[in-house]
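Trainee: Residue numbers (the working numbering), protein chains in the order written: chain S, 921 to 1089; chain Z, 1132 to 1309.
(1) Considering only C-alpha positions, which residue in the set Z/1197, Z/1252 and Z/1159 is nearest to residue 1109 of chain S?
(2) Exposed or buried, what is residue 1271 of chain Z when buried is set at 16 or more other beta-carbons lying within 10 Å of its beta-carbon?
(3) What do you reckon, are the CB atoms on residue 1268 of chain Z and residue 1229 of chain Z nearer than 9 Å?
(4) Establish whether the CB of residue 1079 of chain S and some CB of chain Z are separated by less than 9 Å.
(5) Of the choices Z/1152, Z/1265 and Z/1281, whose alpha-carbon is the least far from that of residue 941 of chain S?
(6) How many whole angstroms separate the CB atoms of residue 1044 of chain S and residue 1082 of chain S, which I take to be in contact at a CB cut-off of 8 Å?
(7) Given 8 Å as the limit, tell me if residue 1078 of chain S has its C-beta closer than that to any heavy atom belonging to the ligand PLP.
(8) Taking 9 Å as the cut-off, decide whether the C-beta atoms of residue 1200 of chain Z and residue 1232 of chain Z are in contact.
(9) As an exercise, report each continuous alpha helix (DSSP H) stretch of at least 4 residues that is fully enclosed by the segment 988-1069 of chain S, in chain order.
(10) Among the candidates S/991, S/1065, S/998 and S/1010, whose CA atom is the shortest distance from the CA of residue 1163 of chain Z?
(11) Looking at the strands, I want to know which residues DSSP matches up with residue 1253 of chain Z.
(12) Answer yes or no: do residue 931 of chain S and residue 1143 of chain Z have a C-beta to C-beta separation smaller than 9 Å?
(13) Rounded to whole angstroms, what's the CA-CA distance from residue 954 of chain S to residue 1076 of chain S? Just pull it up for me.
(14) So the candidates are Z/1157, Z/1284, Z/1147 and Z/1155; which of them puts its Cα closest to the Cα of residue 1224 of chain Z?
(15) Is it right to say residue 1042 of chain S is buried, meaning 16 or more other beta carbons lie within 10 angstroms of its own, or is it exposed?
(16) Comparing alpha-carbon positions, which option in S/1084, S/1039, S/1085 and S/1008 lies nearest residue 1053 of chain S?
(17) Given that residue 1041 of chain S touches chain Z, what residues does it touch there, using C-beta distances under 7 Å?
(18) Starting from residue 982 of chain S, find everything on chain Z with Cβ-Cβ shorter than 8 Å and list it in chain order.
(19) Give the interface partners of residue 1090 of chain S over in chain Z, defined as CB-CB distance under 7 Å, in chain order.
Structural data, given as structure tokens:
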């Protein structure tokens, strides 16, 4: 490890402990991307599980919402609902449900607003949960289902009405 | 790769030689990440379901790379990053930390950077995105900087931040060879 002082800061060059994980092979060029293909295949081999994984996430979201209603929008219940929505936002496209991801992102905005003391009617939150459940129940994979797309657009309009400029679409 | 001795060479990351710590509260996501890492060839993967458990495993197993979700109960990925960077004793405060999040807003990227994160990956993740971040960590280690308020990898200039106003004195602007 080398350390240098430069003005008001110190620069530290740590020992490159990961260097022994790099192998150079002659013959081809660039990064060995076969590892990516292997990982993609491993993920694709689990595709049959994705619908059930989405259902699990929706059940978790429902449980978080129920807890929110029971506790009168406690801080911890809001945080749990946000995390549940946030998880779906991050995973739904990977599981083949990008529109569910969009609804979850919108739900996250609503919960964020509630957390910051904003006024968000609970029926608007509820409608987002219902939409997510419907998209998964009806197996509306991809982004082409006209009904699911209408639903997403309708919810975006609702959020615009509730959040105004803070709505992100 | 400008060195003629390694011309026409392929760089391979030997994942089997790397110890990973995966800190993610969502069991489904942990399972997906594990699948991808195993697909890359990794075998040593420790898992924790929040930052508190992650910190314990960091101390116990001394991983080569930490992959942590941002939003977790008890201790989130940003706080975990701060704790690791400020750890004392023989712990590896330089360990590369990759933060995962569904937040894609610029302020979140900057917050992760300012906490001392090495890389940032937005969900939904892909095999390629994860591989590229890990490859960058392994192939392009950055020096660390310590100031009064920050200790972490040298921060790259974020898009939109002012360029260095001084005279350009480098002979060429190409990236250095790996």
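Glycine included, C-beta positions come from ideal geometry on N, C-alpha and C.
Mentor: To lay it out plainly:
(1) Outside the displayed range of chain S (921 to 1089) lies residue 1109 of chain S, so it cannot be described from this structure.
(2) It counts as exposed.
(3) Contact: yes.
(4) Judged by the 9 Å Cβ criterion, residue 1079 of chain S is not in contact with chain Z.
(5) Taking only the C-alpha atoms, the option nearest residue 941 of chain S is Z/1265.
(6) Between residue 1044 of chain S and residue 1082 of chain S a beta carbon distance of about 6 Å is seen, short of the 8 Å cut, so the two are scored as contacting.
(7) You won't find the ligand PLP in this model; it holds no ligand whatsoever.
(8) Against a cut-off of 9 Å, the Cβ pair of residue 1232 of chain Z and residue 1200 of chain Z comes out as a contact.
(9) Counting whole runs of 4 or more residues, the segment 988-1069 of chain S contains the alpha helix (DSSP H) stretches 995-1011, 1018-1035 and 1042-1057.
(10) From the listed residues S/991, S/1065, S/998 and S/1010, the smallest Cα separation to residue 1163 of chain Z is found for S/1010.
(11) Under DSSP, residue 1253 of chain Z shares a beta bridge with Z/1232.
(12) Not a contact, by the Cβ cut-off of 9 Å.
(13) Across the structure, residue 954 of chain S and residue 1076 of chain S are spaced so that their CA atoms are roughly 40 Å apart.
(14) Residue Z/1284 holds the alpha-carbon nearest to the alpha-carbon of residue 1224 of chain Z among Z/1157, Z/1284, Z/1147 and Z/1155.
(15) Exposed, by the Cβ-count rule.
(16) Residue 1053 of chain S has its Cα closest to that of S/1008, out of S/1084, S/1039, S/1085 and S/1008.
(17) None at all; the shortest Cβ gap to chain Z is about 24 Å.
(18) Within chain Z, no residue comes near residue 982 of chain S; the closest Cβ sits about 16 Å away, beyond 8 Å.
(19) Nothing can be reported for residue 1090 of chain S, as the shown portion of chain S is limited to 921 through 1089.
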